[in-house]
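Asker:
Numbering (our numbering), first residue to last: 210 to 1111.
(1) Cutting at 6 Å between CB atoms, please list the residues of its own chain near residue 663, excluding the five before and the five after it.
(2) Unbroken alpha helix (DSSP H) runs of length 4 or more, entirely within the region 708-747: which are they?
(3) How would you call residue 243, buried or exposed, if buried means at least 16 neighbouring beta carbons within 10 angstroms?
(4) For residue 450, which three-state DSSP category applies?
(5) Buried or exposed for residue 1125, please, with buried defined as at least 16 other CB atoms from any protein chain shown within 10 angstroms of its CB.
(6) Should residue 300 be flagged as near chain B, meaning a C-beta pair shorter than 8 Å?
(7) Am I right that residue 586 and residue 438 are in contact with their C-beta atoms under 8 Å? What's the rounded C-beta distance?
(8) Could you check whether residue 951 and residue 990 sit closer than 8 Å to each other, using their CB atoms as the reference points?
(9) Does DSSP classify residue 1006 as helix, strand or coil?
(10) With distances taken between CB atoms, is the gap from residue 957 to residue 1037 smaller than 8 Å?
(11) On the premise that residue 936 lies in contact with residue 862, defined as a C-beta separation below 8 Å, what is that separation, rounded to the nearest angstrom?
(12) Can you check DSSP and say which residues form a bridge with residue 1070?
(13) Using 8 Å as the cut-off, can you tell me whether the region 767-786 makes contact with the region 313-333, which would need three or more C-beta pairs spanning the two stretches below that distance?
(14) Quick one: complete alpha helix (DSSP H) runs, 4+ long, within the region 854-934?
(15) Let me make sure I understand the geometry here. Which of 757, 1039, 961, 865 has the alpha-carbon closest to that of residue 1007?
(16) Hey, is the region 633-645 in contact with the region 656-671, meaning 3+ C-beta pairs nearer than 8 Å?
(17) On the three-state DSSP scale, how would you describe residue 1035?
(18) Decide if residue 466 is buried, meaning its Cβ has at least 16 other Cβ atoms within 10 Å, or exposed.
(19) Please state the DSSP three-state secondary structure of residue 418.
(20) Does the contact criterion of 3 or more C-beta pairs under 8 Å hold for the region 303-319 versus the region 774-789?
(21) Pick helix, strand or coil for residue 329, following the three-state DSSP scheme.
(22) Is DSSP giving residue 218 helix, strand or coil here?
(23) Please state the DSSP three-state secondary structure of residue 703.
(24) Assuming contact is defined by CB atoms lying nearer than 8 Å, are residue 564 and residue 418 in contact in what I supplied?
(25) Name the two residues that bound the continuous beta strand (DSSP E) containing residue 775.
(26) Tell me the rounded alpha-carbon separation between residue 547 and residue 502.
(27) Rounded to whole angstroms, what's the CA-CA distance from residue 873 to residue 825? Just pull it up for me.
(28) Please give the ranges of any alpha helix (DSSP H) in the region 630-694, keeping only runs that are unbroken, at least 4 residues long and fully inside the region.
(29) Tell me, please, whether the region 917-932 touches the region 887-903 by the rule of three or more beta-carbon pairs shorter than 8 Å.
(30) In three-state DSSP terms, what is residue 811?
(31) Considering just the uninterrupted stretch of the alpha helix (DSSP H) at residue 989, what are its terminal residues?
(32) Less than 8 Å separating the beta-carbons of residue 812 and residue 400?
(33) Below 8 Å between beta carbons: does that hold for residue 1070 and residue 1026?
(34) In or out: residue 332 buried (at least 16 other Cβ within 10 Å) or exposed?
(35) What would DSSP say about residue 225, mapped onto helix, strand or coil?
(36) Would you mind reading off the limits of the beta strand (DSSP E) that contains residue 962?
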């Protein structure tokens, strides 16, 4: 008989969270009421209006608690009409967790992921030795005639050995694979590292001879193909790729479960994921153990026993070589062992004999295997190749969320009994004016609770936007938050329109912005926005507090500007974090890849963001000399103005629209005009038609205030716009502002016999230069001392602190703040060397390399000038500090009258 049906016992329910438990909220409120007003108010029954209000308010609060505890994906899902998806608001795991290749294992993963590459190895390369002559204090290629020298081996050079897929055999098939490998190495190269050789891995073939007993039902063809496939895989283990699900199921080497950060560690691959344990198993071996091979072959289905087995290395003619110990077969150092299946000569390489119940059933030389076995073996090899080279760029799935109108709110006043007269029907009967006023007064009192709950729901509804890292929403945040009371708030509010007669409860001018103004000042809003952005930055391990403090103290930067910088960094955070050690791609040789180029190191991009430098491209900085091309004159009234000249003919391009009390004020306005003038649009320029019917233009700030003007008139608006376009181009080329160069000393190493060598410092008193090896792990960072904020020593000190903190720990940076002349000389030499290094030209190689070495080694740090004492100064001047300032001349107070030709 079937067992009787029974209802399983009901499991005890978890207690409801207090935030959404109306009864718990009501009990808590009632308990508080009894403690606060128990002596004067004792009627706490449901018929009391105060208790009714408490009950209905706690029900409304429980709705707020319920919405706050909705699934996170529901809280963050944008509305159906939004251009953004839920995944757009986050840094996806595949984008933010991987890094560029840093270790040898990382490089192997990156290369094995390429089409046609079965395995790869990255090894240090030995450069020709150099010798530091301790007496002459210089490097040489030959050993000095005396004993006072030190051998120098340049480090950071690597060579790569490639094992191609089995189907890639000919040189014509290998060439495209090698080109892809070279392009990948150059694109992913790290600072102060270089790859000097990429070549096929040398192989050593091994012959397998074995006699095997098979199961009675075994298919000889299937077993033979499986056995050869397993033997080839065991002798030269491949590196398989796994799906995301497979990787999550594989524990770590110590048995711990594999976390998401472990899976996405290293470079992002296109063909699945690679386990570092498989990489370790596929290193080039020193020997092959026959017992390990036997264990692998015994796992082949159909193999019952192995009667005899021998593994011998083959010489160049395919003849087996004897080994001292058959159980430990040595492998030539640096060679990849490979099972000999096909031979070019007539000498057979290995033999297999198969038996069933002691009787021979098949036997043949491996090089002459039956066609059926060959076809089945090729199928197994192709399946293994496809398993490795099948594109699987997987990422953690984003859960499907359901959009909820979190801000929707219905007034709690609509839930009161009709007796209260708060609903659409109003009071029953014919109430007098006093009774109606009392109802209106109650509405106003209850609106306080309505407003608080409605505001909390509105804030919950915008949490997804406030915590988003989507570039579009970060840009909107930076643009919206301009410090104005109408726009600056991040505190959400809303009016409760569902109150019956709400127009009598709210004043006519009450808006959500007005309500926000009552609760939060613009300064408080900025603080709140900073906290939100700092939270997002902290999740990426970033800290902008020092930058914000430096900008505020040294340059009076507003919260708006710092917020914009934080948003800009967050938008590029994934790339800036992953590529912080990345070098520029030295293989690119197009004009836009060498100069006026974004092809710069990841360190330069990151430093630009952390220092608030808007343009990180490689471009002219030597012409950014406000002292040379932007003149500041004094007027008889002891006031200051500025003019910006064209360098070629001293034509006035822009001039000031006002007089300034100090030189610093004039310079600040000039820098603002140059910065704004680099964008040729109506937001940065204003065109007017004068009384003479000619057209004039001015540079304006974001609020439309004049910064500088062009005194020249033009016959038409089109002509004025054409000049504006040319002026913007000129300002971008010649007044490009702050920037920096990162030079890798390793790339200056000699590669030809006559190449000049870098100087060295082996003097014990030398404190500002390298030791006997000036090439390995050395960076030189060149910055313009005359550009923008770099003129301020406090900011320069802050910039140096950031640079030294961000440079990878194994690299030694030398930071140079140079003047315009040294910068121009360096840039000329650097541009010539870039073309030389990229292979665009080979003319005057030694002279160009020497010019760059001279420019790098002779440039000096420039400090702001200070006088020891200024008799004419009306206010205290910055102090003269040894080592941080240069001695300047006292002002002669010669006043020049500026003319602007109209």
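C-beta: ideal position from N, C-alpha, C; glycine also.
Fair warning: this is a prediction, and the values are worked out from it, not measured in the lab.
Answerer: So, to answer that:
(1) The residue labelled residue 663 in the question sits at position 454 within the chain shown. Hits under 6 Å: 618, 703, 705.
(2) 711-714, 721-728
(3) Within the chain shown, the letter at position 34 stands for residue 243. Exposed: under 16 other Cβ atoms inside 10 Å.
(4) Along the chain shown, read from residue 1 onward, the residue named residue 450 stands at position 241. Correct three-state label for residue 450: coil.
(5) Since the first residue of the chain shown is 210 and the last is 1111, residue 1125 is not available in this structure.
(6) No chain B appears in this structure, which consists of one protein chain only.
(7) Against the chain shown, residue 586 aligns to sequence position 377. Against the chain shown, residue 438 aligns to sequence position 229. Indeed, because the Cβ distance is near 6 Å, the residues count as touching under 8 Å.
(8) The count along the chain shown starts at 1 and reaches residue 990 at position 781. The count along the chain shown starts at 1 and reaches residue 951 at position 742. Going by C-beta atoms, residue 990 is nearer than 8 Å to residue 951.
(9) Counted from its first residue, the chain shown places residue 1006 at position 797. If DSSP states are grouped into helix, strand and coil, residue 1006 belongs with the helices.
(10) Position 748 of the chain shown holds residue 957. Position 828 of the chain shown holds residue 1037. Result no, Cβ atoms of residue 957 and residue 1037 do not sit closer than 8 Å.
(11) Position 653 of the chain shown, counting from 1, holds the residue named residue 862. Position 727 of the chain shown, counting from 1, holds the residue named residue 936. Confirmed, about 6 Å.
(12) Translated into positions along the chain shown, residue 1070 becomes position 861. In DSSP, residue 1070 forms no bridge with anything.
(13) no
(14) 872-886, all fully within the region 854-934.
(15) Numbered from 1 along the chain shown, position 798 holds the residue referred to as residue 1007. Comparing Cα-Cα distances from residue 1007 to each of 757, 1039, 961, 865, the minimum goes to 757.
(16) no
(17) Locating residue 1035 in the chain shown gives position 826, counting from the first residue. In this structure, residue 1035 counts as helix in the three-state DSSP scheme.
(18) As a working mapping, residue 466 is identified with position 257 in the chain shown. Residue 466 should be labelled exposed.
(19) Position 209 of the chain shown, counted from the first residue, corresponds to residue 418. Note: residue 418 maps to strand in three-state DSSP.
(20) yes
(21) Here residue 329 is taken as the residue at index 120 of the chain shown, counted from 1. It is a strand residue.
(22) What you label residue 218 is simply residue 9 of the chain shown in a count that begins at 1. Here residue 218 sits in coil by DSSP.
(23) By one-based count along the chain shown, residue 703 stands at place 494. In the structure shown, residue 703 sits in coil (DSSP, three-state: anything other than H, G, I, E or B).
(24) Taking the first residue of the chain shown as 1, we reach residue 564 at position 355. Taking the first residue of the chain shown as 1, we reach residue 418 at position 209. No.
(25) Here residue 775 corresponds to residue number 566 of the chain shown, with the count starting at 1. Per DSSP, residue 775 belongs to no beta strand (DSSP E); it is in the alpha helix (DSSP H), 768-780.
(26) Within the chain shown, numbered from 1, the residue matching residue 547 stands at position 338. Within the chain shown, numbered from 1, the residue matching residue 502 stands at position 293. Between residue 547 and residue 502, the C-alpha separation is close to 13 Å.
(27) For the purposes of this step, residue 873 is taken as the residue at position 664 of the chain shown. For the purposes of this step, residue 825 is taken as the residue at position 616 of the chain shown. For residue 873 and residue 825, the distance between alpha carbons rounds to 26 Å.
(28) 642-670, 672-675, 680-689
(29) Contact between the region 917-932 and the region 887-903 is present, because at least three Cβ pairs lie under 8 Å.
(30) Position 602 of the chain shown, counting from 1, holds the residue named residue 811. Correct three-state label for residue 811: helix.
(31) Walking along the chain shown from the start, residue 989 turns up at place 780. That residue, residue 989, is in no alpha helix (DSSP H); its beta strand (DSSP E) goes 987-993.
(32) For the purposes of this step, residue 812 is taken as the residue at position 603 of the chain shown. For the purposes of this step, residue 400 is taken as the residue at position 191 of the chain shown. Going by beta carbons, residue 812 and residue 400 fall inside the 8 Å limit.
(33) The residue you call residue 1070 lines up with position 861 of the chain shown. The residue you call residue 1026 lines up with position 817 of the chain shown. Against a cut-off of 8 Å, the Cβ pair of residue 1026 and residue 1070 comes out as a contact.
(34) Here residue 332 corresponds to residue number 123 of the chain shown, with the count starting at 1. Exposed.
(35) For the purposes of this step, residue 225 is identified with residue 16 of the chain shown, where counting begins at 1. DSSP places residue 225 in coil when its eight states are reduced to three.
(36) By one-based count along the chain shown, residue 962 stands at place 753. From DSSP, residue 962 is part of no beta strand (DSSP E); its letter is neither H nor E.
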